[in-house]
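In terms of the UniProt record's numbering, the sequence shown has 87 at position 87, counting the first letter as 1, and numbering is strictly consecutive. We treat Cβ as the ideally placed atom computed from N, Cα and C, and that holds for glycine. The model shown is predicted, which means the values in this text are computed figures rather than measured ones.
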Amino acid sequence: MSEISTKFKIYLVVMALMELLGPVVFLGSSYDVLATGNYLLIGIILVLFSFFDSGNKLFHFQDYLISESSVGIRFVLRIMVHMMLLGFLFGGILGTLLRPLMENLEYRYNYFEMPTWAKIFLILLILMLLTIDVGLLFHFRRQFMSVYRVEVDSGEESVLLPFKTAVCLPGRVTVKWRHNTGRVVHIHPLYINRYQQHRQNGDRTEMKKTDKCGDYSLILKNPTDRDTGTYMCTVYDDNGKILTKKKVLLNVKAGPDSLIISIDFGLGFSGYAFNVKPRQEGGETQIKRWSYGLGLDTPKTPTCILFDEHGEFMKFGYEAKTAFNNMRGGEAEKHYFFEDFNIAIQGKDISKQTIKAANDKSMTTLKVFTEVLRFLKDDALKTIRSHPEGGEFTADDFTWVLTVPDTWKDFHKHFMKEAAVQAGLVTDATKDKLMFVLESEAALTWCLKLQPDGFITQNHSRDSQDQPAGAAEPDTSCNDPPGSQEVVKFMAKPEETVVLLETQRDGKRYLVVNCGDENIYFTTHEVLEGGALKTLYEAPKDNLGGKYVEEKFKQFLQKIFSNGVWDEYEQNFSNEVQKMMYDFSRLKQVDEDVQISCPGNLVMLAQKQKQIETFFDSVEGASWDDGSIRISREKLRSFYDFSLQRITEKLRQILNKNLNIGFIVLVGGLAESQILRQHITDQFGRQYKVLCPLRPQEAILKGAVELGRNPEMVEPQRKRPAWFRCWS
Numbered sequence: 001m002s003e004i005s006t007k008f009k010i011y012l013v014v015m016a017l018m019e020l021l022g023p024v025v026f027l028g029s030s031y032d033v034l035a036t037g038n039y040l041l042i043g044i045i046l047v048l049f050s051f052f053d054s055g056n057k058l059f060h061f062q063d064y065l066i067s068e069s070s071v072g073i074r075f076v077l078r079i080m081v082h083m084m085l086l087g088f089l090f091g092g093i094l095g096t097l098l099r100p101l102m103e104n105l106e107y108r109y110n111y112f113e114m115p116t117w118a119k120i121f122l123i124l125l126i127l128m129l130l131t132i133d134v135g136l137l138f139h140f141r142r143q144f145m146s147v148y149r150v151e152v153d154s155g156e157e158s159v160l161l162p163f164k165t166a167v168c169l170p171g172r173v174t175v176k177w178r179h180n181t182g183r184v185v186h187i188h189p190l191y192i193n194r195y196q197q198h199r200q201n202g203d204r205t206e207m208k209k210t211d212k213c214g215d216y217s218l219i220l221k222n223p224t225d226r227d228t229g230t231y232m233c234t235v236y237d238d239n240g241k242i243l244t245k246k247k248v249l250l251n252v253k254a255g256p257d258s259l260i261i262s263i264d265f266g267l268g269f270s271g272y273a274f275n276v277k278p279r280q281e282g283g284e285t286q287i288k289r290w291s292y293g294l295g296l297d298t299p300k301t302p303t304c305i306l307f308d309e310h311g312e313f314m315k316f317g318y319e320a321k322t323a324f325n326n327m328r329g330g331e332a333e334k335h336y337f338f339e340d341f342n343i344a345i346q347g348k349d350i351s352k353q354t355i356k357a358a359n360d361k362s363m364t365t366l367k368v369f370t371e372v373l374r375f376l377k378d379d380a381l382k383t384i385r386s387h388p389e390g391g392e393f394t395a396d397d398f399t400w401v402l403t404v405p406d407t408w409k410d411f412h413k414h415f416m417k418e419a420a421v422q423a424g425l426v427t428d429a430t431k432d433k434l435m436f437v438l439e440s441e442a443a444l445t446w447c448l449k450l451q452p453d454g455f456i457t458q459n460h461s462r463d464s465q466d467q468p469a470g471a472a473e474p475d476t477s478c479n480d481p482p483g484s485q486e487v488v489k490f491m492a493k494p495e496e497t498v499v500l501l502e503t504q505r506d507g508k509r510y511l512v513v514n515c516g517d518e519n520i521y522f523t524t525h526e527v528l529e530g531g532a533l534k535t536l537y538e539a540p541k542d543n544l545g546g547k548y549v550e551e552k553f554k555q556f557l558q559k560i561f562s563n564g565v566w567d568e569y570e571q572n573f574s575n576e577v578q579k580m581m582y583d584f585s586r587l588k589q590v591d592e593d594v595q596i597s598c599p600g601n602l603v604m605l606a607q608k609q610k611q612i613e614t615f616f617d618s619v620e621g622a623s624w625d626d627g628s629i630r631i632s633r634e635k636l637r638s639f640y641d642f643s644l645q646r647i648t649e650k651l652r653q654i655l656n657k658n659l660n661i662g663f664i665v666l667v668g669g670l671a672e673s674q675i676l677r678q679h680i681t682d683q684f685g686r687q688y689k690v691l692c693p694l695r696p697q698e699a700i701l702k703g704a705v706e707l708g709r710n711p712e713m714v715e716p717q718r719k720r721p722a723w724f725r726c727w728s
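In structure tokens form, the structure reads like this:
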């Protein structure tokens with residue numbers, strides 16, 4: 001008690017007296033201890049007194065008489081204090097109202113002689129006052145907690161973590177705020193131990209500037225959901241002795257400015273994008289580029305995974321395919337290698353199903369999908385931590401956005417949710433940070449925020465040359481060297497990002513053609529007032545995507561290198577075949593004669609039979625050109641013929657449905673093909689505006705990040721929402 005000021009000791013004495021007088025207040029209508037009007041006056045004064053600083057000290061008297069661990073006793077004492085104050089107030093009201101009534105009826109001291117209506121009135125009045133009392137106690141329940149609880153929306157300018165003590169501590173003290181993860185959030189004064197402060201907080205914290213004694217509240221700027229947690233404020237003297245401490249529980253609700261990682265788990269290829277900065281700090285979307293020493297540079301990696309003989313994860317993507325291709329005989333038989341396994345999701349009881357590996361060994365679908373998501377999660381966090389703008393992030397810091405095909409049902413999404421939980425993307429504590437978005441809406445969302453120069457220019461003439469992909473859109477590869485990236489700025493409101501709508505507001509709808517690796521999806525959307533999207537029509541998918549075109553190219557090579565040459569090459573040098581397919585995919589951007597390098601091992605196998613030039617004599621549209629295979633423009637187009645025919649038929653069916661479509665938006669890997677874009681423009685360009693963003697293969701990933709930041713861009717009231725929180 002020696003550290004408590006004299007003024008505060010007086011407060012404690014007054015408190016004790018009020019605790020003794022409190023029960024008397026409710027008898028104010030029957031006994032003349034004080035005039036009942038005085039009860040009302042005292043109650044009003046005490047309640048108003050509680051809102052001032054001195055009253056605040058009064059209500060926290062138990063902080064200095066009872067230990068921090070005595071939570072139960074502290075709670076009861078606070079209840080007693082507030083009940084006493086409300087007792088004075090409502091006791092005075094009761095006495096003031098009932099005294100004239102009792103005097104007029106001359107039944108002041110005998111309750112049993114009161115008329116029935118007076119008894120009912122008295123009982124109802126007491127019940128009403130008790131209800132108000134309990135209601136107020138519930139409303140102000142946070143004031144009774146030994147741990148302060150603060151909630152704030154992500155994106156707010158700042159939040160105050162309160163800590164006030166009625167004890168006047170020595171002038172020279174050290175104040176340390178620490179997060180439950182162990183990082184030091186703030187130290188006061190800073191010049192003493194600034195090096196201890198975690199870099200994540202940097203200049204984001206400062207002590208509240210006040211002249212009040214014992215106010216050690218902390219201001220945290222630009223809070224994000226990463227800041228959620230329990231904060232401990234500890235005050236030390238010069239000798240390091242703890243003078244006082246307090247806990248504050250901060251909950252930052254995930255919002256448009258939360259940290260986002262989007263994952264596109266595709267049938268043929270998968271990848272991820274991320275955003276590690278709030279919008280007001282100039283947030284940008286980054287995409288991982290994949291290569292694995294093969295001279296590649298792709299925004300996605302093959303969806304294939306390799307397990308060892310014990311079923312433990314080994315590798316994913318290019319690494320998995322290369323490692324498995326390098327195995328021989330019995331070694332390959334021992335391992336589990338899966339690719340193109342997305343098609344295994346059939347039926348409603350997916351978790352118990354199994355998938356067959358390349359060697360006919362089986363593993364549960366749930367384990368395979370879980371390990372894919374786990375790898376993408378771990379790789380994303382590793383990439384972000386090594387990024388110049390990265391930090392010590394964990395999975396809990398992010399909102400995870402998974403893209404799904406428009407044709408997926410709810411049971412597919414529930415299965416993916418289960419896999420995501422087991423993979424560690426979310427936990428029970430962070431379950432509201434898992435979102436699903438439809439691929440078509442993610443892609444359209446990205447297109448709607450692009451400036452006019454963010455689209456590939458396509459003319460009506462087949463002889464026109466296309467603008468090369470990537471010429472105008474900012475390069476946001478996360479593998480680029482520092483300083484080479486151009487910031488993609490996100491506006492504050494969705495309607496401010498919808499550039500296309502500024503030139504077209506006559507209600508025209510958008511037909512999104514998602515030209516994926518395996519399938520092609522057709523979905524019609526309407527853009528509502530304010531920029532939200534509404535799905536109007538989903539056509540059945542078509543399985544003539546990018547892999548079909550690549551398969552036609554492989555058949556062409558097999559025809560050139562006949563007599564088993566290609567088959568032997570594909571079996572023994574599968575990694576080189578993979579590189580050839582990548583080189584062919586890069587030819588999508590042109591519509592002219594092309595050349596593709598012929599690997600030395602293929603030349604060696606061919607020349608064992610005859611001169612390599614002779615392999616081309618009987619093949620139309622191909623020739624040998626000093627180490628390269630030259631393919632004519634007509635032959636290159638022929639690889640697309642059947643796909644283009646089916647796409648055209650499907651588009652005509654949809655456009656004939658009178659859906660008021662004004663735009664055809666092409667996205668996905670196959671949309672990089674100038675041949676495809678020009679064909680669609682030739683067929684439909686006179687009636688509809690054909691649009692294709694630069695780097696169309698990245699549109700879904702980047703749009704998913706944008707939807708994670710602005711989920712209101714999708715109509716929330718429809719029966720089948722395109723995005724939803726999985727646990728709601």
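Q: Out of S574, I120, L306, point me to the one whose CA is closest to E371's CA.
A: For this step, residue 371 is matched to residue 371 along the sequence shown. Out of S574, I120, L306, L306 has the C-alpha closest to the C-alpha of E371.
Q. Who are the Cβ neighbours of T365 in its own chain at under 6 angstroms, not counting the five residues just before and after it?
A. Taking the first residue of the sequence shown as position 1, residue 365 is located at position 365. These residues qualify, in order along the chain: A344, I350, Q353, I355.
Q) Cβ atoms of P302 and G268: under 9 angstroms apart, would you say? A) One-based indexing of the sequence shown puts residue 268 at position 268. One-based indexing of the sequence shown puts residue 302 at position 302. Result yes, Cβ atoms of G268 and P302 sit closer than 9 angstroms.
Q. Nearest to K288 by CA position, among D308, H310, E309, I263, is which residue?
A. As a working mapping, residue 288 is identified with position 288 in the sequence shown. The candidate whose alpha carbon is nearest that of K288 is I263.
(Q) Closest to Q422 by C-alpha separation, out of F369, R178, S386, C447, would be which residue? (A) The count along the sequence shown starts at 1 and reaches residue 422 at position 422. Per the C-alpha coordinates, the member of F369, R178, S386, C447 positioned closest to Q422 is F369.
Q. Is the region 693-705 close to the region 520-529, with three or more CB pairs under 8 angstroms?
A. no
Q.
Is it buried or exposed, P189, if we count other Cβ atoms within 10 angstroms and call 16 or more buried?
A. Reading the sequence shown from its first residue, position 189 is the one you call residue 189. P189 comes out exposed.
Q) With DSSP run on the structure shown, which of helix, strand or coil describes L528? A) Taking the sequence shown and counting its residues from 1, the one referred to as residue 528 is at position 528. Residue state, collapsed to three classes: coil.
Q.
Whole angstroms are fine: how far does the CA of L249 sit from the CA of Y148?
A. Taking the first residue of the sequence shown as position 1, residue 148 is located at position 148. Taking the first residue of the sequence shown as position 1, residue 249 is located at position 249. Taking the straight line joining both Cα atoms gives about 6 angstroms.
Q. Which term fits G669, buried or exposed, when burial requires 16 or more other beta carbons within 10 angstroms of its beta carbon?
A. The residue you call residue 669 lines up with position 669 of the sequence shown. With 16 or more Cβ atoms within 10 Å of its Cβ, G669 is classed as buried.
Q | Boundaries of the alpha helix (DSSP H) in which S440 is found, first to last residue | A | For the purposes of this step, residue 440 is identified with residue 440 of the sequence shown, where counting begins at 1. Where S440 is concerned, the enclosing alpha helix (DSSP H) stretches over 439-449.
Q) If you scan the region 536-564 from start to end, which runs of the alpha helix (DSSP H) of 4 or more residues do you find wholly inside it? A) 546-560
Q) So what does R695 bridge to, in DSSP terms? A) Position 695 of the sequence shown, counted from the first residue, corresponds to residue 695. None; R695 has no bridge partner.
Q. Any idea if K176 is buried or exposed, counting beta-carbon neighbours within 10 angstroms, 16 or more meaning buried?
A. Here the question's residue 176 lines up with position 176 in the sequence shown. It counts as buried.
Q. Out of curiosity, what's the CA-to-CA distance linking Q558 and D567?
A. Taking the first residue of the sequence shown as position 1, residue 558 is located at position 558. Taking the first residue of the sequence shown as position 1, residue 567 is located at position 567. Near 7 angstroms, if we compare the C-alpha coordinates of D567 and Q558.
Q: Just confirm the distance between the C-beta atoms of L161 and L220, as a whole number of angstroms; I'd bet it's less than 8 angstroms.
A: The count along the sequence shown starts at 1 and reaches residue 161 at position 161. The count along the sequence shown starts at 1 and reaches residue 220 at position 220. With a Cβ gap of about 6 angstroms, L161 and L220 count as contacting.
Q) Relative to the C-alpha of L587, which residue among M128, L691, F639 is closest? A) Within the sequence shown, the letter at position 587 stands for residue 587. A check of alpha carbon separations from L587 across M128, L691, F639 identifies F639 as the nearest.
Q: Assign R686 to one of two classes, buried (16 or more other C-beta atoms within 10 Å of its C-beta) or exposed (fewer than that).
A: The sequence position of residue 686 within the sequence shown is 686, counting from 1. When all chains shown are included, R686 counts as exposed.
Q | Neighbour-count burial assignment, T399, 16 or more Cβ in a 10 Å radius | A | Within the sequence shown, the letter at position 399 stands for residue 399. Burial call: buried.
Q | Enclosing beta strand (DSSP E) for F584 [first to last residue] | A | Here residue 584 corresponds to residue number 584 of the sequence shown, with the count starting at 1. Element bounds for F584: not the beta strand (DSSP E) but the alpha helix (DSSP H), 574-586.
**Q.** Straight-line gap, M604 to I629 (C-alpha atoms, nearest Å)
**A.** Translated into the one-based positions of the sequence shown, residue 604 becomes position 604. Translated into the one-based positions of the sequence shown, residue 629 becomes position 629. Using only the alpha carbons, I get a separation of about 15 angstroms.
Q. What are the boundary residues of the beta strand (DSSP E) that includes H679?
A. Position 679 of the sequence shown holds residue 679. Not the beta strand (DSSP E): H679 falls in the alpha helix (DSSP H), residues 674-684.
Q) If we call anything under 9 angstroms between Cβ atoms a contact, is Q232 one with K241? A) The residue given as residue 232 occupies position 232 in the sequence shown. The residue given as residue 241 occupies position 241 in the sequence shown. For the sequence presented, residue 232 should be read as Met rather than Gln. Result no, Cβ atoms of M232 and K241 do not sit closer than 9 angstroms.
Q: Sort M416, D360, K431, S270 by Cα distance to D397 and report the nearest one.
A: Along the sequence shown, read from residue 1 onward, the residue named residue 397 stands at position 397. The residue with the shortest Cα to Cα distance from D397 is K431.
Q: Count the other C-beta atoms from every protein chain shown that fall within 10 angstroms of the C-beta of E163, then say buried if there are 16 or more, exposed otherwise.
A: Against the sequence shown, residue 163 aligns to sequence position 163. Per the sequence shown, the amino acid found at residue 163 is Phe instead of Glu. F163 should be labelled buried.
**Q.** Proximity of R374 and F313 at Cβ, strictly below 9 angstroms
**A.** Residue 374 sits at position 374 when you count from the first residue of the sequence shown. Residue 313 sits at position 313 when you count from the first residue of the sequence shown. In this structure, F313 lies closer than 9 angstroms to R374 by Cβ.
Q. According to DSSP, which residues form a beta bridge with I261?
A. For this step, residue 261 is matched to residue 261 along the sequence shown. Paired residues: F274, W400.
Q) Cα separation between A320 and Q645? A) For this step, residue 320 is matched to residue 320 along the sequence shown. For this step, residue 645 is matched to residue 645 along the sequence shown. Going by the C-alpha atoms only, they are around 35 angstroms apart.
Q) Is the Cβ-Cβ distance between V276 and E151 less than 9 angstroms? A) Numbered from 1 along the sequence shown, position 276 holds the residue referred to as residue 276. Numbered from 1 along the sequence shown, position 151 holds the residue referred to as residue 151. No, the Cβ-Cβ distance between V276 and E151 is not below 9 angstroms.
(Q) Looking only at its chain, what residues have a beta carbon closer than 6 angstroms to the beta carbon of I675, apart from the 5 residues adjacent to it on each side? (A) Sequence index remark: in the sequence shown, residue 675 carries index 675 (1-based). Closer than 6 angstroms at the Cβ level, and outside the excluded window around I675, lie D591, R637, Y640.
Q: Kindly indicate which three-state DSSP category Q595 falls into: helix, strand or coil?
A: Residue 595 sits at position 595 when you count from the first residue of the sequence shown. DSSP places Q595 in strand when its eight states are reduced to three.
**Q.** Separation of D225 from R709, as counted between CA atoms
**A.** By one-based count along the sequence shown, residue 709 stands at place 709. By one-based count along the sequence shown, residue 225 stands at place 225. C-alpha separation (whole angstroms): 13 angstroms.
(Q) If I follow the unbroken alpha helix (DSSP H) through L655, where does it start and stop? (A) As a working mapping, residue 655 is identified with position 655 in the sequence shown. That run of the alpha helix (DSSP H) goes 641-655.
**Q.** Exposure of E439, with buried meaning 16 or more beta-carbon neighbours within 10 Å
**A.** Locating residue 439 in the sequence shown gives position 439, where the first residue counts as 1. Buried.
Q.
Using the Cβ count rule (16 or more neighbours within 10 Å means buried), how would you classify E613?
A. In the sequence shown, the residue the question calls residue 613 occupies position 613. Exposed, by the Cβ-count rule.
Q.
For L220, list the residues DSSP reports as bridge partners.
A. Residue numbering aside, residue 220 sits at position 220 when the sequence shown is read from its first letter. Answer is V159, T205.
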